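Report on the structure given below.
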Amino acid sequence: MNLSSSGTTSAIRLLTLTLAACAPLACGRSEPVSSASAITLAAASAANAASPGSSVGGFVLLASGSISVDDRSASSPQILGGDVGAAGIGTPSSAQTVVIGSEAAVDRTRVVVGQRVTLRDRAVVGVVRATTLTAPFATFTAPLVPFAAPPALPPIHPFTSGADAVIVNSGQTVQMAPGKKGAVLVRGTLELTGGLYEMASLTLDNDARLVARARSVVRISQGLRGADRIRILVATTPKPSFTR
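Take 3 as the starting number for the sequence shown in the working numbering and just add one per residue.
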């Protein structure tokens, strides 16, 4: 599965862990998060107590521009426990705001929000809030709900990353203290001990794990990318705003 987002500001919210590129996941340009197979995303249940689509904390994927979730090949749902939405700011009127790829799945108890939404063959989602919907061979919860802009993202603050690279090899589990980092490459398991992390880039290789052990804020200046079967998790039962 390949996730990509574009626009002046975008955010990915995972188990109340918001990964930030230029905080959160934004630099005023496209910042792809890619995976050729299965990536498991989940939002915290506490954040989802509000009505679907009504709060930032309820979104697994949220962008001011556009979002594309490409085709999947895994047997389990890919995007769990949260909403998917994009405001379409800066997106051409001829372009789709949200695309859910062939056989991709979004939690059917949540909502997909976008001005122009395309659900490709055999995609499965819940309620769709859109002005136009293209879904000839997809499954969604009828009827189509009129588009209403998703909530605004939190403000983005300038920051500088570090220079020292970090590599976590396959089979390794490394605990990382907060601070400024260079390029971070994870092939094993990287555990965040809590605090503010400012990275030049973050790459999650095949089967990599990123685990927040305590409240963590991750800011990335150059890009976030993930390969096959990556997981981004919290280690304990999350509280509201446990991590950002």
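Even glycine gets a Cβ: it sits at the ideal position worked out from N, Cα and C.
Here the structure is a predicted model, which means the values were calculated and not measured.
Inter-residue spacing [alpha-carbon to alpha-carbon] between residue i and residue j
i, j, result
"residue 28", "residue 198", "Residue confidence is low: residue 28 scores 28 on pLDDT, short of 50, so the model does not pin down where it sits. Its coordinate-derived value is still stated next. The alpha-carbon atoms of residue 28 and residue 198 are separated by roughly 17 Å."
"residue 61", "residue 91", "17 Å"
"residue 207", "residue 213", "14 Å"
"residue 175", "residue 193", "7 Å"
"residue 231", "residue 96", "33 Å"
"residue 172", "residue 190", "4 Å"
"residue 217", "residue 196", "5 Å"
"residue 211", "residue 169", "13 Å"
"residue 44", "residue 179", "Caution applies to residue 44, whose pLDDT of 40 falls short of 50 and renders its modelled position unreliable; the value that the coordinates give is listed next. So the alpha carbons of these two residues sit roughly 24 Å apart."
"residue 158", "residue 68", "18 Å"
"residue 228", "residue 140", "26 Å"
"residue 156", "residue 138", "35 Å"
Same chain, Cβ closer than 7 Å to residue i, five either side skipped, listed in chain order
i, result
"residue 132", "116, 117, 118, 119, 146 and 149"
"residue 104", "73, 122, 123, 124 and 125"
"residue 177", "193 and 195"
"residue 51", "The pLDDT assigned to residue 51 is 48, lower than 50, so where the model puts this residue is not dependable; a value taken from the coordinates is nonetheless given after this. Answer for residue 51: no residue qualifies."
Other residues of its chain near residue i: CB distance less than 6 Å, five sequence neighbours each side excluded
i, result
"residue 204", "186, 222 and 226"
"residue 151", "89"
"residue 71", "5, 102, 103 and 106"
"residue 183", "164, 168 and 201"
"residue 110", "128"
"residue 188", "170, 206 and 210"
"residue 58", "153"
Of the residues the options, the one placed nearest residue i, counting alpha carbons only
i, options, result
"residue 136", "169, 166 and 102", "102"
"residue 84", "96, 95, 188 and 55", "55"
"residue 163", "236, 202 and 232", "202"
"residue 112", "94, 157, 99 and 142", "142"
"residue 65", "154, 209, 229 and 233", "154"
"residue 63", "114, 93 and 94", "114"
"residue 233", "58, 57, 53 and 81", "81"
Outcome for residue i when other beta-carbon atoms lying within 10 angstroms are tallied against a minimum of 16
i, result
"residue 181", "exposed"
"residue 166", "exposed"
"residue 99", "buried"
"residue 237", "exposed"
"residue 134", "exposed"
Below-8 Å beta-carbon distance, residue i vs any chain D residue
i, result
"residue 139", "Of the protein chains in the structure, only one exists, and it is not chain D."
Coil, strand or helix - residue i by DSSP
i, result
"residue 60", "helix"
"residue 112", "coil"
"residue 140", "coil"
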